[in-house]
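Quick note on numbering: the sequence shown equals residues 19 to 385 in our numbering.
Single-structure report; data block below.
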Amino acid sequence: MAIRMLDIAAQLAPIQDQLEAAATKVLRRGQFILGEEVESLERELSEYCGTRFAVGVASGTDALMLALAASGVGRGSQVVTTPFTYVATVQAVTHLGAEPVFVDIDPQTFCIDAEQVKRVVGRRTKAILPVHLFGQCAEMDPLTDLAARRGITVIEDSAQAVGATHHGRGACSLGHLGCLSFYPTKNLGACGDGGMVLTSSEEHYEKLRLLRVHGRTDGYFYHLDGFNSRLDEIQAAFLRVRMRGLADYTRARQANAALYNELLAGIPGVRTPFVPAHNQHVYHQYCIIAERRDDLRGYLKTHGIDSAVYYPLPLHQQRIYQRFRSRGLTVAERTSQAILALPIAPECVNDDAVRSVAEAVRAFYQK
């Protein structure tokens, strides 16, 4: 039997009745946008993440864009970020007319190298945008300290990290604003697109509430040049059901990761994920560094084991971003040639499946 990376239908099967009941409740109520389900989800997630406020929006990409806009990012601005991330991180910057400034990643965590950020912050820097990649937080203290000295906003891209903690604090509560994605493949996934911006700043909160509805206040009066980016009630109802099982789902991913770490230890050519003691990783992906990565991936495929590459080409090398000056990003470039995600989702792998994957990896390197 094949070992898959993800099986959303199997993941949702145990709570299918609850999900259908939640959707039916919304349909019968007849309010489909920005109603009580969205308000309840905002309260629940702000409490879960440790912030004062939350604003539901239409997608994770929109969450980033609105957070940047609420921070004053626009034409002429620069935003310091990582090239080793999903494209939405940087598209949120460029769609506002701002310029991304790429810095390299930490070779152990794959998150932005906080020490390198200091070298590129300048007078046009409006925000720093770290990505909590694969489910663990970037090193935040150097970034927030630098931002406080320079009057810069720190926006956490927490799309892959709901529930992760850093020095005991939750992702999205570490900077000025934090952004979540509810894309169906995420650890907390909706039945379509959805996103959220979280903050403890009342000023940012009020701006975000206006920005998501065209900048409109009561009636047809507009205070900001905003967006159309609202979270649907059905999505919020769906997510509220899924939140009930999020802690258990996270623990199951962590248990799979712990077993992988044990079984893959000591294999020449393989490096398992590094997690600092002050981080709690939620393993949206379990990514190893593997010599002869592409050959290993082919070998796993012949044994019915799925894998994935996140990400095969850093963003500064992508055609659409080569116009932005970047240099010295060698860690991101090397990592993209060796990184490999193994199946981690609990609906796809149990202890036996993890053992099968690990045995196949060990067998490949013993050939």
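All C-beta atoms, glycine included, are put in the ideal place defined by N, C-alpha and C.
Please list, in chain order, all residues of the same chain as Leu264 whose beta carbon is under 6 Å from its beta carbon, the five residues on each side excluded. Numbered from its first residue, the sequence shown carries residue 264 at position 246. Correct list, in chain order: Leu206.
Where in the stretch 57 to 141 do unbroken runs of the alpha helix (DSSP H), each at least 4 residues long, occur, reported from the N-terminal end onward? 78 to 88, 106 to 112 and 132 to 138
Mapping the DSSP letters down to three states, classify Asp175 as helix, strand or coil. Taking the sequence shown and counting its residues from 1, the one referred to as residue 175 is at position 157. Three-state DSSP puts Asp175 in a strand.
Met400 (DSSP reduced to helix, strand or coil): The requested residue 400 does not occur in the structure, where the chain is confined to residues 19 to 385.
Distance between His299 and Val415 (C-alpha atoms, nearest Å): With the chain represented from 19 up to 385, any question about residue 415 goes unanswered, as that position is not in the structure.
For the beta strand (DSSP E) that contains Tyr304, what are its first and last residues? The residue labelled residue 304 in the question sits at position 286 within the sequence shown. Run containing Tyr304: Tyr304 to Ala308, per the beta strand (DSSP E) assignment.
Label Met158 either buried or exposed according to how many other C-beta atoms from any shown protein chain fall within 10 Å of its C-beta, with 16 as the threshold for buried. Counted from its first residue, the sequence shown places residue 158 at position 140. The residue is buried, with at least 16 neighbouring Cβ atoms inside 10 Å.
Label Gly212 either buried or exposed according to how many other C-beta atoms from any shown protein chain fall within 10 Å of its C-beta, with 16 as the threshold for buried. Looking up residue 212 in the sequence shown gives position 194. By the 10 Å Cβ count, Gly212 comes out buried.
Specify the secondary structure class of Gln298 as computed by DSSP and reduced to three states. Position 280 of the sequence shown, counting from 1, holds the residue named residue 298. Looking at Gln298 - three-state DSSP - the assignment turns out to be strand.
Nearest to Arg93 (by Cα), restricted to the options Thr112, Val105 and Cys366: Here residue 93 is taken as the residue at index 75 of the sequence shown, counted from 1. Ranking Thr112, Val105 and Cys366 by Cα distance to Arg93 puts Thr112 first.
Let's see if you can read the secondary structure: which residues bound the alpha helix (DSSP H) around Ile26? The residue labelled residue 26 in the question sits at position 8 within the sequence shown. Where Ile26 is concerned, the enclosing alpha helix (DSSP H) stretches over Ile26 to Leu30.
Find out if the Cβ-Cβ distance for the pair Val105, Val121 is shorter than 8 Å. By one-based count along the sequence shown, residue 105 stands at place 87. By one-based count along the sequence shown, residue 121 stands at place 103. No; because the gap between Cβ atoms is not below 8 Å, this pair is not in contact.
Since Gly196 sits in a beta bridge, which residues does DSSP pair it with? Translated into positions along the sequence shown, residue 196 becomes position 178. For Gly196, which the question treats as bridged, DSSP gives the partners Glu174 and Leu216.
Short check: CB of Leu216 to CB of Ala72, under 8 Å? For the purposes of this step, residue 216 is taken as the residue at position 198 of the sequence shown. For the purposes of this step, residue 72 is taken as the residue at position 54 of the sequence shown. Yes, the Cβ-Cβ distance between Leu216 and Ala72 is below 8 Å.
Between which two residues does the beta strand (DSSP E) harbouring Ala359 extend? Working through the sequence shown from its first residue, we reach residue 359 at position 341. First-last of the beta strand (DSSP E) with Ala359: Ile357 to Leu360.
Out of curiosity, what's the CA-to-CA distance linking Asp35 and Glu55? The residue labelled residue 35 in the question sits at position 17 within the sequence shown. The residue labelled residue 55 in the question sits at position 37 within the sequence shown. Each residue's Cα considered, the two are about 18 Å apart.
Would the beta-carbon of Cys366 fall within 8 Å of that of Met23? Position 348 of the sequence shown, counted from the first residue, corresponds to residue 366. Position 5 of the sequence shown, counted from the first residue, corresponds to residue 23. Their beta carbons are under 8 Å apart, which means Cys366 touches Met23 by this criterion.
Do Ala165 and Cys197 have their C-beta atoms closer together than 8 Å? The count along the sequence shown starts at 1 and reaches residue 165 at position 147. The count along the sequence shown starts at 1 and reaches residue 197 at position 179. Cβ distance not < 8 Å, so Ala165 and Cys197 don't count as in contact.
Just mark Ile170 as buried or exposed, buried being the case when its beta carbon has 16 or more other beta carbons within 10 Å. The residue given as residue 170 occupies position 152 in the sequence shown. When all chains shown are included, Ile170 counts as buried.
Beta-carbon contacts of Ala87 that lie in its chain and below 7 Å, excluding the five residues immediately before and after: Along the sequence shown, one-based indexing puts residue 87 at 69. Cβ within range, chain order: Leu114 and Leu229.
Just the Cα atoms here: how many angstroms apart are Glu65 and Ile21? Against the sequence shown, residue 65 aligns to sequence position 47. Against the sequence shown, residue 21 aligns to sequence position 3. Rounded to the nearest angstrom, the two C-alpha atoms are 36 Å apart.
Which residue marks the beginning of the beta strand (DSSP E) containing Lys43, and which one marks its end? Taking the sequence shown and counting its residues from 1, one reaches residue 43 at position 25. Where Lys43 is concerned, there is no enclosing beta strand (DSSP E), although the alpha helix (DSSP H) it sits in stretches over Gln34 to Arg47.
For His334, which of Met19, Val98, Gly68 and Arg46 has the nearest alpha-carbon? Position 316 of the sequence shown, counted from the start, is the residue given in the question as residue 334. It is Val98.
Top-ranked residue by Cα proximity to Pro148, from Val91, Asp175 and Ser344: Taking the first residue of the sequence shown as position 1, residue 148 is located at position 130. Taking only the C-alpha atoms, the option nearest Pro148 is Asp175.
How about Ile362 and Tyr301: are their beta carbons less than 8 Å apart? Counted from its first residue, the sequence shown places residue 362 at position 344. Counted from its first residue, the sequence shown places residue 301 at position 283. Yes.
Residue(s) in a DSSP beta bridge with Val187: Along the sequence shown, read from residue 1 onward, the residue named residue 187 stands at position 169. Per the sequence shown, the amino acid found at residue 187 is Arg instead of Val. Beta-bridge pairing links Arg187 to His184.
Is it buried or exposed, Glu60, if we count other Cβ atoms within 10 angstroms and call 16 or more buried? By 1-based counting over the sequence shown, the position of residue 60 is 42. The residue in question, Glu60, is buried, as its Cβ has 16 or more Cβ neighbours within 10 Å.
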